[in-house]
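**Student:**
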Amino acid sequence: MATIGVDLGTAQIRSVLMEPDGSVAGRANLKTPRNGDRLAIVDVLEASVRAAIDDAGASGGDIAVVGVATPGVVMDGTVGGAANMPGWTERFALKEMISQRLGRPVHIVNDATAAAVAEHRWGAASGCDNVFFAHSGTGVGSGLILGGAPYMGGHGGAGEFGHMVVVRGGATCPCGRQGCVEAYAGRRAMELSARRAVESGRETVLFALADEHDRGRVTSGVVKAGLDADDELTHELVRDAILALGTGIASVVNLLDIDMVVIGGGLGDKLGDWYHHRIEAAMRPNLFLQPPQVRMVGAAMGAEGGAVGAAALAEEVGGR
Ligand SMILES: [Zn+2]
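In the numbering used here, each residue carries its 1-based index in the sequence shown increased by 87.
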């Protein structure tokens, strides 16, 4: 029997059909609806699962279980606290909702935890027992593998690295608190900072580039274009992001004695090794254990990591 893995992203909903040997036999990638409620999102999720089954030339009866990676804090089949996904702030029973639609057992997991599982089994952190996967995209999240197993904490709230405070009384985060990593390193927060800078009279080519490339949105590709154009404000924003990530990651490593830090997400993918090396340089002076034992690399599983990790976990635990 095969397993389906779904990654609910803020831009795309990606599904894979995974065979028992771990190979991916079918895939589908649909746009996440920007407007509408959670039902609109679950409609597209269902369509994406069916498209992946079709792509593999399989039928619904071939599927044993469905794993879903979602933003937010996952607790007993419910999810909540994801401000970047429409309808995902208030806690609701996502597992039951999808299970009723698909007529299959469903396992839901935080998206960064799913990506960490994939990197640990097949990707950049294979062979490492203590892994920290940091995702910097629209927001900032993370997944933890401790002692070889995913760690989600007592209430599913572990790994909320984006809301680790790195500057006391610092910039306002999309979560409403101050000085979180995400307030500096989340793409959405960086765009807001850039807009505030422009309102206070700063000059930047960032929004002209955004109009040219991405219908006005400051995507990771637009940030890269801003750096390539040697835009001063973009350089400042990226410098602050690197500093926040490096400082926060050092604290995680000091607390947990991590073997491997994996950097994923849109900005990490677009800026590549240059970005990882600078985050590592920002981390190193704050490491307690000397000589440092930790290594830092870019994610290897690409955009499919979350979906593949969700499938692997679902296969292991069934519909729990
Ligand atoms: Zn925050």
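Glycine included, each C-beta is placed from N, C-alpha and C at the ideal position.
My guess is that residue 349 and residue 211 are in contact by the Cβ rule of under 8 angstroms, so how many angstroms apart are they, rounded?
**Tutor:** 5 angstroms
**Student:** In whole angstroms, give me the CA-to-CA distance for residue 398 and residue 230.
**Tutor:** 16 angstroms
**Student:** Provide the residue span of the alpha helix (DSSP H) that contains residue 294, from first to last.
**Tutor:** 293-301
**Student:** Assuming residue 239 contacts residue 197 under a Cβ cut-off of 8 angstroms, what Cβ separation, rounded to an integer in Å, is found between them?
**Tutor:** 7 angstroms
**Student:** Taking the alpha helix (DSSP H) that residue 116 belongs to, which residues open and close that run?
**Tutor:** Residue 116 -> not in any alpha helix (DSSP H); beta strand (DSSP E) instead, spanning 111-118.
**Student:** Beta carbon of residue 133: closer than 7 angstroms to some heavy atom of ligand 1?
**Tutor:** no
**Student:** Taking 8 angstroms as the cut-off, does the segment 324-335 touch the segment 350-369 (at least 3 CB pairs, one atom from each stretch)?
**Tutor:** yes
**Student:** Taking residue 166 and residue 174 to be in contact with their CB atoms under 8 angstroms, please state how far apart those CB atoms are, rounded to whole angstroms.
**Tutor:** The Cβ separation is near 10 angstroms, so there is no contact.
**Student:** Give me the Cβ distance between residue 140 and residue 109, rounded to the nearest whole Å; I'm assuming they're in contact under 8 angstroms.
**Tutor:** Contact doesn't hold; Cβ gap of about 18 angstroms is too wide.
**Student:** Can you list, in chain order, the residues of its chain with a C-beta nearer than 7 angstroms to that of residue 301? Leave out the 5 residues immediately preceding and following it.
**Tutor:** 308, 309
**Student:** In whole angstroms, what separates the C-alpha of residue 209 from that of residue 135?
**Tutor:** 24 angstroms
**Student:** Whose CB is closer than 7 angstroms to a heavy atom of ligand 1? List the residues in chain order.
**Tutor:** 249, 250, 260, 261, 262, 264, 267, 269, 270
**Student:** Candidates 131, 223, 111: which alpha carbon is nearest residue 269's?
**Tutor:** 223
**Student:** Below 8 angstroms on the Cβ atoms is my guess for residue 185 versus residue 152; work out the distance and round it to an integer in Å.
**Tutor:** Not quite, the Cβ-Cβ distance comes to about 11 angstroms (not below 8 angstroms), so this is no contact.
**Student:** Which residue or residues does DSSP assign as beta-bridge partners of residue 382?
**Tutor:** 347
**Student:** List in chain order: all unbroken alpha helix (DSSP H) runs of 4+ residues lying wholly within the segment 208-288.
**Tutor:** Note on the segment 208-288: whole alpha helix (DSSP H) runs with a minimum of 4 residues are 269-272, 274-286, in chain order.
**Student:** Would you mind stating whether residue 293 and residue 318 have Cβ atoms separated by less than 8 angstroms?
**Tutor:** yes
**Student:** Residue 286: buried (16+ other C-beta within 10 angstroms of its C-beta) or exposed?
**Tutor:** exposed
**Student:** Taking the alpha helix (DSSP H) that residue 305 falls in, what are its first and last residues?
**Tutor:** Residue 305 -> no alpha helix (DSSP H), and no H or E assigned at all.
**Student:** Going by CA-CA distance only, name the one from 126, 314, 179 that's closest to residue 358.
**Tutor:** 314
**Student:** As a quick exercise: from 201, 283, 338, 145, pick the residue whose alpha carbon is nearest that of residue 351.
**Tutor:** Nearest of 201, 283, 338, 145 to residue 351, Cα basis: 201.
**Student:** Per DSSP, which one or two residues make a beta bridge with residue 328?
**Tutor:** BP columns for residue 328 are empty, so no partner.
**Student:** Suppose you measure from the CA of residue 284 to the CA of residue 299; what does that come to, to the nearest Å?
**Tutor:** 20 angstroms
**Student:** Please report how far the alpha carbon of residue 401 lies from the alpha carbon of residue 178, in whole angstroms.
**Tutor:** Rounded to whole angstroms, residue 401 and residue 178 show a C-alpha spacing of 21 angstroms.
**Student:** What separation, rounded to the nearest whole angstrom, lies between the Cα atoms of residue 271 and residue 213?
**Tutor:** 30 angstroms
**Student:** Report yes if the C-beta of residue 286 is less than 7 angstroms from at least one heavy atom of ligand 3; otherwise report no.
**Tutor:** Absent from the structure shown: ligand 3. Ligands present: ligand 1.
**Student:** Have a look at residue 233 and residue 218 and give me their C-alpha separation to the nearest angstrom.
**Tutor:** 7 angstroms
**Student:** Please report the straight-line C-alpha distance between residue 245 and residue 147, rounded to a whole angstrom.
**Tutor:** 34 angstroms
**Student:** Under a Cβ-count criterion, where at least 16 other Cβ atoms within 10 Å of its own Cβ denotes burial, should residue 94 be classed as buried or exposed?
**Tutor:** buried
**Student:** When the Cα atoms are used, what is the spatial distance from residue 406 to residue 118?
**Tutor:** When the Cα atoms are used, residue 406 and residue 118 turn out to be separated by approximately 26 angstroms.
**Student:** Using three-state DSSP, classify residue 88 as helix, strand or coil.
**Tutor:** Three-state DSSP puts residue 88 in coil, outside helix and strand.
**Student:** Would you mind sorting residue 277 into buried or exposed? The rule is 16 or more other CB atoms within 10 Å of its CB.
**Tutor:** buried
**Student:** Can you list the beta strand (DSSP E) stretches of 3 or more residues lying completely in the segment 150-202, in chain order?
**Tutor:** 150-157, 160-162, 165-167, 193-197
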